[in-house]
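With the numbering used here, letter number 345 in the first sequence gets 1106, and the count goes up by one each step, no holes. Below is one structure, written out as structure tokens; comments come after it.
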Amino acid sequence: MKNEILSHLGRVAATFEIPANSLKLDYPENPEHGDFSSNLAMAHAKKLGMSPKELAEKIIAEFTKDIPASVESVSIAGPGFINFKIKNKVFAEEIISIVKSGAEYGWSTGESGKKIMVEYTDPNPFKIFHIGHLMANSIGESLSRLIQAEGVEVVRACYQGDVGLHVAKTIWAMRKEKGEERMKEITDASVTEKVKWLGEMYVYGSQFDADKELQKEIQSINKKIFEKSDPEINALYEKGRAWSLEYFDLIYKRLGTKFDKFFFESEVAGRGTKIVKEFLGKGVFSESEGAVVFKGEDHGLHTRVFITSHGLPTYEAKELALNTEKFELYPDLSQSIIVTANEINDYFQVLLKTLSLINPNVAEKTTHISHGILRFTSGKMSSRKGNVISAESLLSDIREMVQEKIINRGFAPEEAEEISDIIAIGAIKYTILRQAIGGDVIFDSAASVSFEGDSGPYLQYSTVRANSVLEKAAQQGIEEIKSKKQDEIILPEQVSLLEKLITRFPDILERSRKEYAPQHVANYLINLAGAFNSYYANNTIADKNEPLAPYRVALTRAFVTTMTNGLWVLGIKVPKKM
RNA sequence: GCGCCCGUGGUGAAAUGGAUAUCACAACAGUCUUCGGAACUGUUUUUGCAGGUUCGAGUCCUGCCGGGCGCACCA
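In structure tokens:
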């Protein structure tokens, strides 16, 4: 219906010499203003030498000469808005067709054939998988799904720092914390324990930055790791790396991410060094105090080191190779998106600048999206201020709270486990995705436990309840509308906000995708759930004596489909019961 | 010091240059022996300051105030 109005309005606009491609329809916030509104009269009045109202009246006169079938009325309001009201019947029919089209509702094929890579999460072996990684994962996964919803093939990539100073520090500490005995113990422990120990070793090895002698030692270990020249170090390295990767796999599975491609720093380090050296000769880089640097000041940026005075490549150099390789491995990528924390924004600008000088094609297709950090206001997480909080500890804290909440619901222990995991992850992901990417997220554990209103569990609950209503309807033998012919279905005279919101879903997805903004979906789902709960409170759905029951059941079905698909975009599952 | 980002009810957030700034929490007042109350219906309280651009500014521009991040061998 939106497109129908838009194209008709386009023809009308053309008679006033207004280009049709500048037109758009908005959803008015106040429902009294109709179902769609256009600001074109206000935007073009001046050029045409008319007042906005005058132009609006002329447009409406022209528009109503041959009014589209779905439009009930067109009116002028406020400073010159043109408001369109759609016939109730059109919304009701749309609901029926959503139910008939089934589970794909909202998905588009508009961009099919394209391929886009999204790199996100990027944890480092030997270091803790912390809540920052959790945040990057939630955001990257949601962006990936938004892109998939437009028919694009997504290559999910994860880039893991398996070499570099942090590894050297950890290995130095592993040898100090001597070893053999401890290694033996830890080898028999669970992978979670192993990784925890690695994390502790990293922290231990990181506290001596001021000690020049020790730093030399660590640098030499760093060099040996790169060269693979010391068997003892190699053995420790291989073990630690394998433990970390095994652990990360567990977390990805739990969070619902399946990566298609893992990149490792160790694989791109050599190539990165080569690239920098090559372009040092070509004047992109210069030498300074024994290091190879890029003088960013010439481009309004700052100077960064690409190869250290020890001859080792920094993150910057490795990234040059990484981004080049992405397009070699997947030559048909139309875009490469990288999700990272915003603390490296300035750094990334330097990187993209150098990339544009080295490989403009790749640079042009590379998009950097950054997010803020998770902060805690209250509850027990705040007492750990100053320490890095692991994703696992946050997850298990929230899960515990959920479990307390559902303890009296009579679930079998295994069932309770599964349900509380789904809810806990839903609560966390929703908190991250409900606001614009880029800003810090204030995680209020108390609020997330209350599970009211603006929360993931509220969305899950609304869906579960609607599902349960559908079950009840089936028991009563209320016929599912799918099999019915169009003219056998009794439609309501009036439709509610629920119908109107459901039909907006594809539009919301499109906007979210365009703006890389999952929060539009999150916000929309909250409104949608509210509309359903309100409808539910005012209408009996599963009542076999009610002539409208088949329609109401269909509406509930459409709600569940929209909700489930919307939550999927956020990476949130819907439990069967909760 | 320089650069980038951000200041929206008591709290946490939303808003494509559009209409009376939206939502949730909190507070207060109600509904209801329900199709699963983790619900529904109300009330109260907001765009840091000063200019500017625009028919129209939370949104764009300038200055100020306040906060975060980054500025050479970590990632």
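In this text, a Cβ means the ideal position worked out from N, Cα and C, and glycines have one as well.
inquiry  = Checking 8 Å against the spacing of the C-beta atoms, do Glu-1077 and Leu-1118 come in under that value?
reply    = no
message = Within a Cβ cutoff of 7 Å, which residues of the same chain sit near Pro-1340, ignoring the five residues on either side of it in sequence?
response = Because residue 1340 is not part of the residues shown, which for the chain are 762 to 1339, the question remains open.
key: Where Val-1045 sits in the DSSP three-state scheme   = coil
request  = Write down the C-beta distance between Val-1330 and Leu-907 rounded to the nearest angstrom, noting that I regard them as a contact closer than 8 Å.
outcome  = 6 Å
ask   = Can you tell me whether Thr-948 is buried or exposed, with buried defined as 16 or more other CB within 10 angstroms of its CB?
value = exposed
query = In the structure shown, what three-state DSSP assignment does Arg-772 receive?
reply = helix
Residue burial classification, Ala-971 (beta-carbon count within 10 angstroms, cutoff 16) = exposed
ask   = Taking the alpha-carbon positions, what's the Ala-897 to Ala-918 distance?
value = 12 Å
request  = Return the residue from the list Tyr-1297, His-1281, Asp-1268, Ser-1070 that minimises the CA-CA distance to Phe-797.
outcome  = Asp-1268
query = Shortest alpha-carbon distance to Ser-1154 belongs to which of Gly-1072, Pro-1336, Ile-1012?
reply = Ile-1012
Residue of Leu-1083, Trp-1004, Gly-1017, His-1071 minimising C-alpha distance to Lys-977 = His-1071
query = Okay, do the segment 948 to 964 and the segment 1003 to 1017 touch, 3+ Cβ pairs below 8 Å being the bar?
reply = yes
ask   = CB Val-1029 to CB Phe-1067, shorter than 8 Å?
value = no
request  = Going by CA-CA distance only, name the one from Ile-1105, Ile-766, Lys-876, Gly-893 that's closest to Val-835.
outcome  = Ile-766
query = Can you tell me the Cα-Cα spacing of Leu-1116 and Val-879, whole angstroms?
reply = 18 Å
key: 8 Å Cβ cutoff met for Leu-1073 and Asn-983   = yes
key: Rounded separation between Lys-1014 and Phe-1204 - CA only   = 23 Å
query = Within this structure, are the beta carbons of Arg-1160 and Ser-1131 separated by less than 8 Å?
reply = no
ask   = Just how far apart, CA to CA, sit Lys-785 and Ala-838?
value = 17 Å
Close-in-space but distant-in-sequence residues of the same chain around Lys-1079 (CB under 6 Å, 5 per side omitted) = Glu-1026, Val-1029, Ala-1030, Gly-1033
message = Assuming Ala-1152 and Phe-890 are in contact, meaning their beta carbons sit under 8 Å apart, how far apart are those beta carbons, in whole angstroms?
response = 5 Å
query = Among Leu-959, Lys-1190, Ala-1235, Lys-876, which has the Cα closest to the Cα of Arg-943?
reply = Leu-959
Buried versus exposed call for His-1063 [16 or more other C-beta atoms within 10 Å across all chains shown] = exposed
query = Looking at Asn-1228 and Val-1314, is the spacing between their C-beta atoms short of 8 Å?
reply = no
request  = Return the chain-ordered list of same chain residues with a C-beta closer than 6 Å to the C-beta of Leu-1016, the five sequence neighbours on each side being excluded.
outcome  = Asn-898
query = Beta carbon of Ile-1333, beta carbon of Gly-1217: below 8 Å?
reply = yes
query = Who are the near neighbours of Ser-831 in its chain, counting only those whose CB is closer than 7 Å to its CB and skipping five residues on each side?
reply = Met-762, Glu-765, Ile-847, Lys-848, Val-851
ask   = Do the segment 851 to 870 and the segment 773 to 783 make contact, defined as three or more Cβ pairs closer than 8 Å?
value = no
Whole-angstrom distance between Tyr-1219 and Phe-1055, CA atom to CA atom = 50 Å
ask   = Lys-1087 to Thr-1127, Cα distance in whole Å?
value = 10 Å
key: Proximity below 8 Å, CB of Ile-877 to CB of Ile-1184   = no
key: Limits of the alpha helix (DSSP H) - the one that Glu-978 falls within   = 973 to 988
inquiry  = Do Tyr-1296 and Leu-1259 have their beta-carbon atoms positioned less than 8 Å apart in this structure?
reply    = yes
ask   = Using a Cβ-Cβ cut-off of 6 Å (strictly less than) and excluding sequence neighbours within five positions of Gln-1110, which residues of its own chain qualify?
value = Leu-1062
query = When the Cα of Ile-1167 is compared with those of Ser-1211, Arg-1195, Ile-1193, Gln-1196, which residue comes out closest?
reply = Ser-1211
query = Does the beta-carbon distance from Val-1196 to Lys-1305 come in below 8 Å?
reply = In the sequence on display, residue 1196 carries Gln and not Val. No, the Cβ-Cβ distance between Gln-1196 and Lys-1305 is not below 8 Å.
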